[in-house]
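To convert, note that position 417 of the sequence shown is 420 in this note's numbering; the numbers rise steadily by one, no gaps.
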Amino acid sequence: MDDLTGLSTLRVFRVGLREALARAEQTGRAVAVLFADLDGFKLVNDTLGHTVGNRVLAAVGTRIRQQIRRSDMAARVGGDEFVVLLPEITCPDDAGRVAGALLGALDAPIEVDGHKIKIGASIGIAVAPDDSTDVDKLLEMADVAMYRVKKLGKRRFEFFASFCAGERSRRSSIEGQLRSALDGDQFVMHYQPIVDPGTGHACFFEALIRWQHPDRGLLLPHEFVPFLDETRLICQVGEWAVGRVAADAATLVRSGRPNAVVTINIDPKQWVMGDLAATIDRAVESNAIQHRNIALEIVESTMIQDFVWTREWLTAIREKGTTVFLDDFGSGYAALNYFMELPFDFVKIDRSILKRCPGDRVSLTLIQSIKFLARQLGIMVVAEGVETAFQHELIRTGGIPLAQGFHYCRPLPLDVLMSLFEPEAENSPDAYAPPFLPQRSVNRQAVAAARA
Numbered sequence: 004m005d006d007l008t009g010l011s012t013l014r015v016f017r018v019g020l021r022e023a024l025a026r027a028e029q030t031g032r033a034v035a036v037l038f039a040d041l042d043g044f045k046l047v048n049d050t051l052g053h054t055v056g057n058r059v060l061a062a063v064g065t066r067i068r069q070q071i072r073r074s075d076m077a078a079r080v081g082g083d084e085f086v087v088l089l090p091e092i093t094c095p096d097d098a099g100r101v102a103g104a105l106l107g108a109l110d111a112p113i114e115v116d117g118h119k120i121k122i123g124a125s126i127g128i129a130v131a132p133d134d135s136t137d138v139d140k141l142l143e144m145a146d147v148a149m150y151r152v153k154k155l156g157k158r159r160f161e162f163f164a165s166f167c168a169g170e171r172s173r174r175s176s177i178e179g180q181l182r183s184a185l186d187g188d189q190f191v192m193h194y195q196p197i198v199d200p201g202t203g204h205a206c207f208f209e210a211l212i213r214w215q216h217p218d219r220g221l222l223l224p225h226e227f228v229p230f231l232d233e234t235r236l237i238c239q240v241g242e243w244a245v246g247r248v249a250a251d252a253a254t255l256v257r258s259g260r261p262n263a264v265v266t267i268n269i270d271p272k273q274w275v276m277g278d279l280a281a282t283i284d285r286a287v288e289s290n291a292i293q294h295r296n297i298a299l300e301i302v303e304s305t306m307i308q309d310f311v312w313t314r315e316w317l318t319a320i321r322e323k324g325t326t327v328f329l330d331d332f333g334s335g336y337a338a339l340n341y342f343m344e345l346p347f348d349f350v351k352i353d354r355s356i357l358k359r360c361p362g363d364r365v366s367l368t369l370i371q372s373i374k375f376l377a378r379q380l381g382i383m384v385v386a387e388g389v390e391t392a393f394q395h396e397l398i399r400t401g402g403i404p405l406a407q408g409f410h411y412c413r414p415l416p417l418d419v420l421m422s423l424f425e426p427e428a429e430n431s432p433d434a435y436a437p438p439f440l441p442q443r444s445v446n447r448q449a450v451a452a453a454r455a
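So, in structure tokens, the structure goes:
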């Protein structure tokens with residue numbers, strides 16, 4: 004059960020959908036999947052805070068339950084996305100009527116702490132057997148239909164079948180290019196050091212995927228990852244990424260750096276739908292490295308989809324030696340108790356918080372508060388997005404132990420990064436990186452004034 008809304012989790016929902024499809028094959032009835040995304044929810048979080056946002060999500064869960072039958076199922080996918088299963092309907096219009104009822108319920112203002120909050124939803128619908136009888140494809144089609152609603156103006160519903168011909172053609176073309184990229188080794192990894200701001204020595208290396216497109220050149224994640232998500236190739240590419248990172252970690256280990264640690268970002272769908280633990284085990288074994296040579300970076304919204312399962316999974320993988328980073332902390336939906344109770348080793352303060360410094364004193368206070376709390380919990384803090392000498396000095400003098408950003412080094416191919424390494428001293432096998440501290444002047448009085 005999702006702790007925040009009281010709805011099912013996606014894992015339980017997938018089991019229910021699979022069983023409903025099996026029954027429908029016997030009865031000849033139809034099955035519908037509704038994929039809903041809240042409209043305007045990010046603004047609620049940004050303006051009223053995550054506590055209010057969490058209460059809005061809880062209210063949404065209640066309203067969804069009120070609009071469906073006892074035999075139906077609703078689940079929170081993560082963040083502000085929800086799915087509804089209608090296991091026995093006579094025709095697609097039945098799903099349309101439920102979608103209309105949900106839109107009406109979610110369009111009504113939600114009152115929290117005296118605030119009347121107006122959101123709404125966009126809903127995509129896929130129907131079995133007309134669209135597909137496969138669990139993943141039905142979820143994908145409903146998701147695609149929902150995104151089409153977003154593009155057309157939001158606050159309505161759309162059936163996948165109503166635009167499937169053109170959409171399938173477009174998706175087939177995109178999916179073909181992405182599959183060719185995967186099969187043709189067009190995806191590559193670049194690495195950005197995570198450094199000690201006091202010494203400039205790299206402690207970890209974050210793996211960041213790129214697409215070496217044959218026609219368009221080197222593409223950054225925002226230019227293709229959404230399409231991986233949309234075509235459900237994210238798990239396959241994620242599995243490749245784990246293998247690539249393990250191989251590169253092995254290169255570092257064989258070069259005389261046994262304590263090298265490479266971090267990899269885990270997509271929420273890979274976390275929920277894929278067998279991530281087994282993928283990591285295979286990659287570690289096949290490359291003859293240790294679990295401690297790989298670290299996982301997981302965003303807030305991923306970690307709160309199923310609290311109990313998340314805690315058990317993280318505990319198990321940490322026992323093998325893999326360290327875990329909570330990524331982009333301060334940008335998602337997590338309440339403070341998740342930060343305090345889930346087992347991880349590092350927390351990365353989202354770059355948006357540092358970007359507001361020094362003009363925003365609240366952000367400075369927030370950084371120090373996170374540092375204090377993390378220290379009490381035995382967690383190391385990383386400041387993301389350090390791009391200027393001023394920000395570096397704020398972090399260094401503020402006692403933040405680790406930092407990352409363009410100020411120190413841009414993401415680079417592994418061979419280029421390794422060419423920067425200093426020859427190791429015989430008595431210092433851990434000193435496997437040069438000082439990443441550009442010699443740039445900074446007004447230390449201004450830094451002190453910002454902290455005052």
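Yeah, the Cβ is synthetic: ideal placement off N, Cα and C, and Gly gets one too. Since the model is a prediction, treat every value here as computed from it, not as a measurement.
Nearest neighbour of residue i, chosen from the options [CA to CA]
| i | options | result |
| --- | --- | --- |
| Leu405 | Cys206, Glu143, Glu226, Ala145 | Cys206 |
| Pro261 | Val287, Thr282, Gln293, Ala298 | Gln293 |
| Leu345 | Leu357, Arg354, Leu317 | Leu317 |
| Gly401 | Gly388, Phe375, Arg413 | Phe375 |
| Ile126 | Phe163, Thr202, Ala111, Arg68 | Phe163 |
| Gln407 | Thr266, Leu279, Ile382 | Thr266 |
| Ala319 | Leu415, Val63, Ala281, Phe349 | Ala281 |
| Ile63 | Leu105, Leu221, Asp49 | Going by the sequence as given, residue 63 is Val instead of Ile. It is Leu105 whose Cα lies nearest to the Cα of Val63. |
| Ala3 | Pro95, Ser11, Thr54, Pro200 | Because the chain is modelled from 4 through 455, residue 3 falls outside the range shown and cannot be assessed. |
| Ile269 | Ser289, Ile301, Gln239 | Ile301 |
| Arg257 | Asn296, Leu222, Val245 | Asn296 |
| Ala263 | Arg219, Asp278, Glu315, His204 | His204 |
| Gly19 | Leu7, Cys360, Ser74, Gly9 | Ser74 |
| Ile283 | Ala291, Thr313, Trp312, Val245 | Val245 |
| Val101 | Gly56, Thr65, Arg321, Phe160 | Phe160 |
| Ile120 | Ala148, Met149, Val59 | Val59 |
| Leu89 | Phe227, Arg247, Leu142 | Leu142 |
| Arg1 | Arg314, Gln371, Ile382 | Because residue 1 is not part of the residues shown, which for the chain are 4 to 455, the question remains open. |
Collapsed DSSP secondary structure at residue i in the structure displayed
| i | result |
| --- | --- |
| Asp433 | At Asp433, the pLDDT of 46 sits below 50, so the modelled position is not reliable; the number obtained from the coordinates is stated separately. Three-state DSSP puts Asp433 in coil, outside helix and strand. |
| Thr325 | coil |
| Val240 | helix |
| Glu427 | Residue confidence for Glu427 is low, a pLDDT of 47 falling below 50, so the modelled location carries little weight and cannot support an answer. |
| Pro90 | strand |
| Asp278 | coil |
| Asn57 | helix |
| Val63 | helix |
| Leu37 | strand |
| Asn268 | strand |
| Leu13 | helix |
| Gly179 | helix |
| Lys154 | helix |
| Arg314 | helix |
| Ile120 | strand |
| Phe163 | helix |
| Pro416 | strand |
| Ala253 | helix |
| Ile1 | Residue 1 lies beyond the range of the chain shown here (4 to 455); nothing can be said about it. |
| Phe230 | helix |
| Gly81 | strand |
Sheet register partners of residue i (DSSP bridge)
| i | result |
| --- | --- |
| Thr8 | BP columns for Thr8 are empty, so no partner. |
| Met192 | Ile212 |
| Phe342 | Bridge partners of Phe342: none, in fact. |
| Asp330 | Val302 |
| Lys374 | BP columns for Lys374 are empty, so no partner. |
| Gly220 | His216 |
| Met421 | Its beta-bridge partners do not exist; DSSP assigns none. |
| Leu405 | Val385 |
| Ile2 | In this structure the chain extends from 4 to 455, so residue 2 is not present and cannot be described. |
| Met76 | Leu88 |
Opening and closing residue of the alpha helix (DSSP H) in which residue i lies
| i | result |
| --- | --- |
| Pro95 | 95-110 |
| Arg399 | 392-400 |
| Leu51 | 44-51 |
Residue i - containing beta strand (DSSP E), residue span
| i | result |
| --- | --- |
| Ser125 | 124-131 |
| Val385 | 383-386 |
| Ile356 | Premise fails: Ile356 lies in the alpha helix (DSSP H), 354-358, not in any beta strand (DSSP E). |
| Ile292 | No beta strand (DSSP E) contains Ile292, which DSSP labels as neither H nor E. |
Would you be able to state if there are at least three C-beta pairs under 8 Å between the stretch 74-81 and the stretch 134-141?
No, the stretch 134-141 is not in contact with the stretch 74-81.
Taking 8 Å as the cut-off, does the stretch 227-241 touch the stretch 181-190 (at least 3 CB pairs, one atom from each stretch)?
yes
Inspect the CB distances between the stretch 40-58 and the stretch 82-89 and report whether three or more fall short of 8 Å.
yes
Stretch-stretch touch, CB-based, cutoff 8 Å, three pairs: the stretch 212-230 with the stretch 249-257:
no
Below 8 Å, how does it come out for the stretch 52-72 and the stretch 22-33: are there three or more Cβ pairs, yes or no?
They do not touch, by the three-pair rule.
The stretch 116-126 / the stretch 142-157 touching (three or more Cβ pairs under 8 Å):
yes
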